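>
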Amino acid sequence: MKALVVPGYGPPGTFTVEDLPIPEPGPGQLQVRVAAASLNPADLLMTAGTVREMVPLDFPFVPGTDAAGTVTKIGPGTRGFEVGEEVFGFGAPPSFAAGVGIPAVTSGALAEYATFQAGPFLAKRPPKLSVVTAAALPSTGMTGLAVLERGRFQPGETVLVIGAPGGIGSVVVPLLAAQCVVLATGTGPDRDYVRGLGATEVIDHRGTDLIGEVRRRHPGGIDAVVNLALTGEAVIAATRTLRPGGRLLSTTPGTPAHPAVTTVMGTTDLRPGTMDTLAAHVLDGILPEPATTTHPLSDAPRALADLAQQHTRGKLVVIVDPAATR
Ligand SMILES: NC(=O)c1ccc[n+]([C@@H]2O[C@H](COP(=O)([O-])OP(=O)(O)OC[C@H]3O[C@@H](n4cnc5c(N)ncnc54)[C@H](OP(=O)(O)O)[C@@H]3O)[C@@H](O)[C@H]2O)c1
């Protein structure tokens, strides 16, 4: 089978698409013919070696955590799925899954075939949910839902979403906008994109003092911040936009400890049925389909290089089986 192959820790320019043996499902696992897989910043963190102490990889490594496809084989003792079923969901490299204690091991979604653990991170794809949207949703969707739950947002609150045009923002902004006033960062054409997601105010953060601009517009401070982009001290600085007692939720790796800051982890905050909830939200029109840019598997190294620029709108999706996504 064709797979994206990472030969050792390094940038996407060192990755190649090569032939590898088809992975066989172990106990509790499924083998899936991958139709589409989406890219996440975690793919870059892991393959660059940035988190190698927490998530050591075995090479050659096949990246990719989020996929939609068709079940082709069932591993020993695996229950709840059948060959031929359409599925979508999340899986992580063994060291990641063991480190955070989640039943979600995959052999790597950026390949024609991948194994996934048949647990709460995998679900059946409803026929009306497109393959591309199903592949786009797992990581960002479960993290977005975790942000909504941990944020305990109240109707009418004013919330700033930093990094709104990206994958998680495409989930968080519409769900938040159903009950809160959403201020969002965005630049160029992304301003219209985040307005379309439901943001009331858009602040172009490039060349702007974001914190000063929020304080100018809301002198008493805002109720909450959802940070999807800033790291380190910049996260602490963003708490200056808050009213007394306001709170900041952050999904970025390396978010520093601070009394007003809550770090949200999609994987460890997962509730049973999260993938089904995400699918239902899209089919019920509560959650718009995220904007997607698609690439063929042969172009996956360039797609990951694009993701590394950190200016993605919505999601980058790799079409592994074009016939299955028509
Ligand atoms: N904790 C978890 O479970 C979990 C799960 C998934 C992801 N994450 C993390 O959450 C973060 C967001 O993930 P994602 O998938 O949404 O990423 P993404 O799709 O790459 O989107 C990030 C967005 O941030 C914006 N941005 C970049 N630099 C910015 C800045 N200085 N100020 C304001 N906006 C900026 C970009 O838009 P512009 O073009 O407007 O700059 C981009 O749209 C990443 O750090 C990721 O690693 C965490």
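Numbered by the UniProt record's numbering, the letters in the sequence shown go through residues 1 to 326 in order.
Glycine residues also receive a C-beta, built at the ideal position from the N, C-alpha and C atoms.
Just so we're clear, the structure is a prediction, and the values are computed from it rather than from any experiment.
Tell me whether S139 counts as near ligand 1, meaning its Cβ is closer than 7 Å to at least one heavy atom of that ligand.
Yes; taking the cut-off as 7 Å, the Cβ of S139 has a heavy atom of ligand 1 nearer than that.
> Measure from the alpha carbon of R215 to the alpha carbon of each residue in D204, L242, P189, G75, then state which is nearest.
L242
> Excluding sequence positions up to five away, which residues of its chain have a Cβ less than 7 Å from the Cβ of H281?
L287
> Since I203 sits in a beta bridge, which residues does DSSP pair it with?
Assignment of beta-bridge partners to I203 by DSSP yields T185.
> Name, in chain order, the residues that DSSP records as bridge partners for A238.
Bridge partners of A238: none, in fact.
> My parser needs the beta strand (DSSP E) runs of 3 or more residues fully inside the stretch 10–92; what are they?
16–19, 29–38, 66–74, 86–90
> Below 8 Å between beta carbons: does that hold for T262 and R247?
yes
> Could you give the uninterrupted runs of the alpha helix (DSSP H) lying entirely in the stretch 90–159, keeping only those of 4 residues or more?
94–100, 131–136, 138–151
> Is I286 helix, strand or coil by DSSP?
Correct three-state label for I286: coil.
> If you follow the alpha helix (DSSP H) that V225 is in, where does it begin and where does it stop?
Where V225 is concerned, there is no enclosing alpha helix (DSSP H), although the beta strand (DSSP E) it sits in stretches over 222–227.
> Measuring straight from C-alpha to C-alpha, what distance separates E82 and M54?
Straight-line Cα distance between these residues: approximately 34 Å.
> Strictly by DSSP, which residues pair up with T292?
Its beta-bridge partners are K315.
> Please report how far the alpha carbon of R103 lies from the alpha carbon of E213, in whole angstroms.
Before going further, note that residue 103 is Pro rather than Arg in the sequence given. Distance between the alpha carbons of P103 and E213: 43 Å.
> Answer with buried or exposed for S298, where buried requires no fewer than 16 other C-beta atoms within 10 angstroms of its C-beta.
Counting Cβ neighbours within 10 Å, S298 comes out exposed, since fewer than 16 surround it.
> Could you check which residue in L44, Q31, L39, L30 has the C-alpha nearest to that of G8?
L44
> Heavy atom of ligand 1 less than 7 Å from the Cβ of I168, yes or no?
yes
> Using 7 Å as the cut-off, classify the Cβ of M275 as near or not near the heavy atoms of ligand 2, replying yes or no.
Inclusion of ligand 2 in the displayed structure is not the case, the ligand content consisting of ligand 1 alone.
> Please name the residue or residues paired with L230 in a DSSP beta bridge.
None; L230 has no bridge partner.
> Taking T106 as the reference, give the member of P126, L129, G75, V132 with the closest Cα.
G75
> Using only alpha-carbon positions, find the residue among V71, S170, V172 that is nearest to A123.
Comparing Cα positions, the closest option is V71.
> Helix, strand or coil, according to DSSP, for P301 in the structure here?
helix
> Which residues does DSSP list as the beta-bridge partners of R247?
Beta-bridge annotation (DSSP): R247 is paired with A224.
> Cβ-heavy atom distance between L230 and ligand 1 below 7 Å?
A heavy atom of ligand 1 is found nearer than 7 Å to the CB of L230.
> Sort A146, V132, A48, H311 by Cα distance to T267 and report the nearest one.
A146
> A118 and V62 - do their beta-carbons sit closer together than 8 Å?
Not a contact, by the Cβ cut-off of 8 Å.
> Tell me whether T200, by its Cβ, gets closer than 7 Å to a heavy atom of ligand 1.
no
> Tell me which same chain residues have a C-beta within less than 7 Å of the C-beta of Q179, skipping the five on either side of it?
F153, P155
> To which residues of the same chain is A291 closer than 6 Å at the C-beta, ignoring the five residues directly before and after it?
R313, G314
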